[in-house]
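Worksheet: the structure to be examined is printed underneath.
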Amino acid sequence: MFLRNLNSLVLVAVALVAVPSTQAATTVIPANSFSSYGALETYWNYLYPWGSDHNGSARMKGGPNDHTNIVVSGNTLSLIAKPISNPVPPTSTANPHPAIKYSSGAVHAKHLITVTAANGYTISGEFSAPTTRGTWPAFWLTGANSWPPEIDIGEWKGTPQNWFNTFNTSSSVRSDLVNWPSDLSFHSIKAVLTAQSNNRDIKIDFFVDNVYKATQFGLNFVGKPLWLWMDRLARLDPPLEQPTGFATS
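Those letters in the sequence shown? Residues -24 to -1, 1 to 225, by mature numbering (1 follows the signal peptide of the UniProt record, and there is no 0).
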């Protein structure tokens, strides 16, 4: 049994497996990477690759000696948002510079993911995600050297749905929405990334609880290194955008 704040994103396990086309699969991040802080710090770095701020109203906080918002316990990782007052600076340093109302947690994988013709990846995890309005946890990939590419494996925007997204440009976006329970029960999500025969594009197959849900394509994603990270952002009552290629299931 887990007792937790509704403002937390809780993960039992995340696994990252490299799948070469001609060799046996290699586990890059094992399912027990949340078994201790030592295990966490072996495979993950604290915060975002660039620091503490992104495009939401929470500032990421944490490190080897600060586990207030990034908590490992019972083989789970909890990313916890807490209200704060008088943050310095008062707004995010990242566009669109929203007001900071929370401290929260984020981690990113030390291993960069690069899909090639010879090497694909399977990325999976078990999540308990809040779906109340204003919450915005996510589990996603983005380009290490440029944006896009972006692939959102888990994104919860304050409704009982998970968004699977692929950004080919800022305006060319494919989104598939799947129902997600609002009772904070754990469910698995998975993305299987494979290069296409043109050696330019990536096919992404998405699953919930090992049930296939959607396929999307990342154009010209082959060979581009990607960061994998998890965060617990916050939204201040924003409208829910519905980009091009919008679908629900």
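Ideal Cβ placement from N, Cα and C applies to all residues, glycine included.
Just so you know, these numbers come straight off a predicted model, no measurement behind them.
Discussion item. Here's the rule I'm using: 16 or more other beta-carbon atoms within 10 Å means buried, otherwise exposed. How should Val(-15) be labelled?
Written reply: Counting Cβ neighbours within 10 Å, Val(-15) comes out buried, since at least 16 surround it.
Item to complete: Look at Val(-13) and Glu131 and say whether their C-beta atoms are less than 8 Å apart.
Response: No, they are not a contact pair.
Worksheet item: Based on Cα-Cα distance, which residue from Gly14, Thr111, Asn155 lies nearest to Asn41?
Response: Gly14
Worksheet entry | beta strand (DSSP E) segments (min. 3 residues) lying fully within the region 71 to 121 | Within the region 71 to 121, the complete beta strand (DSSP E) segments of 3 residues or longer fall at 78 to 80, 82 to 85, 95 to 104, 111 to 119, listed in chain order.
Practice prompt. Let me know if residue 226 comes out buried or exposed under the rule of 16 or more other beta-carbons within 10 Å of its beta-carbon.
Written response: Limits of the chain in this structure are -24 at one end and 225 at the other, which puts residue 226 out of reach.
Item to complete: Let me know the secondary structure DSSP gives Gly27 once reduced to three states.
Response: strand
Discussion item. Helix, strand or coil, according to DSSP, for Leu195 in the structure here?
Written reply: coil
Worksheet item: For the putative contact between Ile127 and Ile165, defined by C-beta atoms under 8 Å, what is the C-beta separation to the nearest angstrom?
Response: Going by Cβ atoms, the distance from Ile127 to Ile165 rounds to 12 Å, so no, they are not a contact pair.
Practice prompt. Let me know if Thr142 comes out buried or exposed under the rule of 16 or more other beta-carbons within 10 Å of its beta-carbon.
Written response: buried
Worksheet item: For Val(-6) versus Gly96, is the C-beta distance shorter than 8 Å?
Response: yes
Discussion item. Using the three-state DSSP reduction, which class does Trp205 fall into: helix, strand or coil?
Written reply: strand
Worksheet item: Can the beta-carbon of Ser38 be found less than 8 Å from the beta-carbon of Gly81?
Response: The identity of residue 38 in the sequence shown is Gly, whereas the question assumes Ser. Yes. Within cutoff.
Worksheet entry | Backbone CA spacing between Thr67 and Pro113 [nearest angstrom] | 19 Å
Discussion item. Below 8 Å on the Cβ atoms is my contact criterion, and I expect Leu209 with His30 to pass it. Report the Cβ-Cβ distance as a whole number of Å.
Written reply: 6 Å
Worksheet item: Between which two residues does the alpha helix (DSSP H) containing Leu16 stretch?
Response: For Leu16, the enclosing alpha helix (DSSP H) begins and ends at 13 to 19.
Practice prompt. Look up Gln137 in the DSSP assignment and say whether it is helix, strand or coil.
Written response: strand
Worksheet item: In chain order, what residues of the same chain lie with their CB nearer than 6 Å to the CB of Arg109, ignoring the 5 residues before and after it?
Response: Gly134
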